[in-house]
Amino acid sequence: NINTSFKKFVPNEFIRIIEKQDVSELKLGDFTHKEMCILFSDIRSFTSMSEKMTPKECFEFLNDYLGKMGPIIRKNGGFIDKFIGDAIMALFENSVDKALVTAIEMQTTISKINIQRQSLGLTPIKAGIGIHKGDMILGIIGENERFEGTVIADSVNTGSRIEELTKVYNSNILIS
1 NINTSFKKFV PNEFIRIIEK QDVSELKLGD FTHKEMCILF SDIRSFTSMS
51 EKMTPKECFE FLNDYLGKMG PIIRKNGGFI DKFIGDAIMA LFENSVDKAL
101 VTAIEMQTTI SKINIQRQSL GLTPIKAGIG IHKGDMILGI IGENERFEGT
151 VIADSVNTGS RIEELTKVYN SNILIS
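Numbering (the working numbering), first residue to last: 1 to 176.
#1: To the nearest angstrom, report how far apart residue 33 and residue 173 are at their CA atoms.
#2: With DSSP collapsed to three states, give me the class of residue 82.
#3: Within 10 angstroms of the Cβ of residue 75, are there 16 or more other Cβ atoms? Answer buried if so, exposed if not.
#4: Determine the contact status of residue 77 and residue 61, defining contact as a CB-CB distance below 8 Å.
#5: Taking only runs that begin and end inside the stretch 100 to 158, name each unbroken beta strand (DSSP E) of 3 or more residues, in chain order.
#6: Exposed or buried, residue 86, counting other C-beta atoms within 10 Å across all chains shown (16 or more means buried)?
#7: Can you name the residues that DSSP bridges to residue 39?
#8: Excluding the 5 residues flanking residue 123 on each side, which residues of the same chain have their C-beta closer than 8 Å to its C-beta?
#9: Out of 169, 99, 5 and 149, which one is the CA nearest neighbour of residue 83?
See the structure below:
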């Protein structure tokens, strides 16, 4: 059905948090305010890595990588708000602990990916993960012909900056 298809674009958790039953009830301007935990993950030096790939190889790599990370996030009670290229922005309703467990499991999976990559003579990958808890506004933005669910708040920007600091401190995971 259409709701099953749409949940791949707008997660059921997002719809539930903004107090709707299904995607057909969403309308421009719907929103809610909630304290949540945000997790940002980003592959280091992905741009230079992708420049050495064909477009097909790049999409295959990304879909394989994201396909390994998504189930970890869901298993630990989170949901993916969006993919930003190779980056993942995920939300957790009530638990910094679950976000931290997710980050650790993601890094463990990256180590396993790297064993396979090295056996194929490929460069290992590294990802930074930033976690932050704070007030967020989840809602529907856009215009009449195109809208999307999103999260806006200083907490989102802080979470993104924390992930960026993993580069500065040469750390895999940072939490505020």
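Don't be surprised by glycine CBs; every beta carbon is placed ideally from N, CA and C.
Note that this is a predicted model, so its numbers are computed, not measured.
Inspection of the coordinates gives the following:
#1: Rounded to whole angstroms, residue 33 and residue 173 show a C-alpha spacing of 27 Å.
#2: Three-state DSSP puts residue 82 in a strand.
#3: Its Cβ having fewer than 16 others within 10 Å, residue 75 is exposed.
#4: In this structure, the beta-carbon distance from residue 77 to residue 61 does not fall below 8 Å.
#5: Scanning the stretch 100 to 158 from its first residue to its last, the whole beta strand (DSSP E) runs of 3-plus residues come out as 127 to 143 and 146 to 152.
#6: Note on residue 86: 16 or more other CB atoms within 10 angstroms of its CB, so buried under the neighbour-count rule.
#7: 90 and 131.
#8: Counting only Cβ-Cβ distances below 8 Å, and skipping sequence neighbours, we find 49 and 117.
#9: The residue with the shortest Cα to Cα distance from residue 83 is 149.
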